[in-house]
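Colleague: Structure incoming, see below.
In this note's numbering, the protein residues as written are 910 to 1095.
Here is the structure:
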């Protein structure tokens, strides 16, 4: 791939518009731009989670780190998809891969008997932060789908990914021996 950015600032967005991948320009407040931004933020926090998983130096967490790293590429693809109206790159196969990984992790967890709060360790809290950001990205893509056509697989991808991130948080607690922080009524 050749060099894509020879100059980091272009000044083309100084008046509140941004360019899309198809060359069109939209306001920075457009639902498409909001969705793209949330997906970009999601990719950043997933990268942080991957690095924290690797810092744990726990063999059982390596496959989770590897899968999340591969998902970062798909999240990046989703951002690209959102930047070009009508373009689709995320597929049902991507959704199925998350479902398979989720089922593999979840089978080792005890049944959920209470609500879980983000915490216990920095890693676990960041997994929950990633889940929350993923949910926001999903809401932003759903808002875009109210005004424009959106790839159904992209919506499913974000929905499954947030579920996967929740199970990753629970799995990190189990694997690292950290008690989950359970919600206490009243």
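Each residue gets a CB set at the ideal place from its N, CA and C atoms; glycine is no exception. Since this is a predicted model, take the numbers as computed values, not measurements.
1. Helix, strand or coil: how does DSSP classify residue 1042 here?
2. Please state if the CB of residue 955 and the CB of residue 1030 are separated by a distance shorter than 7 Å.
3. Curious, which full-length alpha helix (DSSP H) runs of at least 4 residues does the stretch 1039-1086 contain?
4. With DSSP collapsed to three states, give me the class of residue 1028.
5. Give me, in chain order, the residues of the same chain whose beta-carbon lies closer than 6 Å to that of residue 1051; leave out the 5 immediate sequence neighbours on both sides.
6. How many Å lie between residue 1017 and residue 972 at the Cα?
7. Taking 8 Å as the threshold, find out whether the stretch 986-1000 comes into contact with the stretch 956-969 through three or more Cβ pairs.
8. Compute the beta-carbon to beta-carbon distance between residue 1028 and residue 935, rounded to the nearest angstrom, for a pair I have assumed lies under 8 Å.
9. Three Cβ pairs or more, each shorter than 8 Å: is that satisfied between the stretch 1004-1023 and the stretch 1061-1076?
10. Report yes if the C-beta distance between residue 888 and residue 1084 is below 7 Å; otherwise report no.
11. Just curious, the alpha helix (DSSP H) that residue 960 is in, first and last residue?
12. Quick one, are the C-beta atoms of residue 987 and residue 948 less than 7 Å apart?
13. When the Cα atoms are used, what is the spatial distance from residue 933 to residue 1082?
14. Report the option in 1021, 1037, 1025 whose CA atom is closest to the CA atom of residue 951.
15. Taking the alpha carbon of residue 1074 as the point to measure from, which residue in 941, 1041, 942, 1045 has its own alpha carbon closest?
16. Could you tell me which of 1034, 985, 991 sits nearest to residue 1061, measuring between CA atoms?
17. Mark residue 1071 as exposed unless 16 or more other C-beta atoms lie within 10 angstroms of its C-beta, in which case mark it buried.
18. Determine which residues share a DSSP beta bridge with residue 997 and list them.
Modeller: According to the structure shown:
1. For this step, residue 1042 is matched to residue 133 along the chain shown. Residue 1042: helix per DSSP, three-state reduction.
2. Locating residue 1030 in the chain shown gives position 121, where the first residue counts as 1. Locating residue 955 in the chain shown gives position 46, where the first residue counts as 1. Contact: no.
3. 1061-1085
4. The residue given as residue 1028 occupies position 119 in the chain shown. Correct three-state label for residue 1028: coil.
5. Looking up residue 1051 in the chain shown gives position 142. So no residue of the chain qualifies.
6. By one-based count along the chain shown, residue 1017 stands at place 108. By one-based count along the chain shown, residue 972 stands at place 63. In a straight line, the C-alpha of residue 1017 is about 14 Å away from that of residue 972.
7. Short answer: they don't touch.
8. On the chain shown, position 119 is the one that residue 1028 refers to. On the chain shown, position 26 is the one that residue 935 refers to. With 8 Å as the limit, residue 1028 and residue 935 do not qualify as a contact, their Cβ atoms being about 39 Å apart.
9. yes
10. Because the chain spans 910 through 1095 in this model, residue 888 falls outside it and cannot be assessed.
11. Reading the chain shown from its first residue, position 51 is the one you call residue 960. Unbroken alpha helix (DSSP H) run through residue 960: 940-964.
12. For the purposes of this step, residue 987 is identified with residue 78 of the chain shown, where counting begins at 1. For the purposes of this step, residue 948 is identified with residue 39 of the chain shown, where counting begins at 1. Cβ distance < 7 Å, so residue 987 and residue 948 count as in contact.
13. As a position in the chain shown, residue 933 is number 24, starting the count at 1. As a position in the chain shown, residue 1082 is number 173, starting the count at 1. Taken atom to atom, the span from the alpha-carbon of residue 933 to that of residue 1082 is near 46 Å.
14. Walking along the chain shown from the start, residue 951 turns up at place 42. For the residues 1021, 1037, 1025, the minimum Cα distance to residue 951 belongs to 1037.
15. The sequence position of residue 1074 within the chain shown is 165, counting from 1. It is 1041.
16. Position 152 of the chain shown, counted from the first residue, corresponds to residue 1061. Of the listed residues, the one whose Cα sits closest to residue 1061 is 991.
17. In the chain shown, residue 1071 corresponds to position 162, counting from 1. Residue 1071 comes out buried.
18. Residue 997 sits at position 88 when you count from the first residue of the chain shown. Note: residue 997 sits in no beta bridge, so no partner.
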